[in-house]
Amino acid sequence: FKRSNKRHPREMSSKKKVSLIRRGESSGSSRPVTRDPRFDALSGEFDETTFQSSYGFISEMRADEKERLQKDLKGCKTEGERNKLVKVINRLNTTEQTQKLKEERQLLKAESRKKALAGVKEGKNPYFEKKGELRKRELKRKFTELKKEGKVDKYMAKRRKKNIQKDRKGL
């Protein structure tokens, strides 16, 4: 075996990977191209309102499932099954609450948008509320609901407790 250069090895190293061309694979044809619809332009833009109108039946299905699970919980005998059912029911409750919050926020946004468009029709300059202003309106609405139910004190106590915990973590 003669070397082409004295610094080159006598044989090819077995540590290097064999190139794709040498293996006989053509580039790209062997593997199917996968697309993620969340990031692909072909799938179009995501619109929350159309999604809700198209898949609104899912929330009804969740409510039915929750009722069924609560019936199963009453008939449950073992502690392990009971804990599992309680966790699932709690998860369904939280998803329901977050869905309600989303709907309320959308209503607030739509309301502010209508006000802005009405102002434009009257000849005023368009003014769209900022996120902070929307948050303040949402808080006001929440506090009025809490006052009606008489739960303001309980809510404020929870908030205080939460803030104290945050302060402790910061130290």
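So in the numbering used here, the last one in the sequence shown is 173, and the numbering has no gaps at all.
No residue lacks a Cβ here, since even glycine has one placed at the ideal position from N, Cα and C.
Cα-Cα separation between Ser56 and Ser114, rounded to whole angstroms: 25 Å
Range covered by the alpha helix (DSSP H) that runs through Lys153: Note, Lys153: premise wrong, no alpha helix (DSSP H); not H, not E.
For Lys68 and Leu94, believed in contact at Cβ under 8 Å, the rounded distance: 5 Å
Asn165: CB within 6 Å of a non-hydrogen atom of the ligand SAH: Although the ligand SAH was asked about, the structure shown includes no ligands whatsoever.
Cβ-Cβ distance between Ala120 and Pro128 below 7 Å: no
Val90 - containing alpha helix (DSSP H), residue span: Glu81 to Glu124
CB-CB length for Leu105 against Arg64, believed under 8 Å: This sequence places Glu at residue 105; Leu is not what is there. Going by Cβ atoms, the distance from Glu105 to Arg64 rounds to 14 Å, so no, they are not a contact pair.
Contact check, Leu173 vs Arg139, beta carbons under 7 Å: no
Other residues of its chain near Arg178: CB distance less than 8 Å, five sequence neighbours each side excluded: Only positions 3 to 173 of the chain appear in this structure, which leaves residue 178 out of reach.
Simplified DSSP assignment, three categories, for Glu50: helix
Of the residues Thr96, Gln101, Phe130 and Thr100, the one placed nearest Ala112, counting alpha carbons only: Phe130
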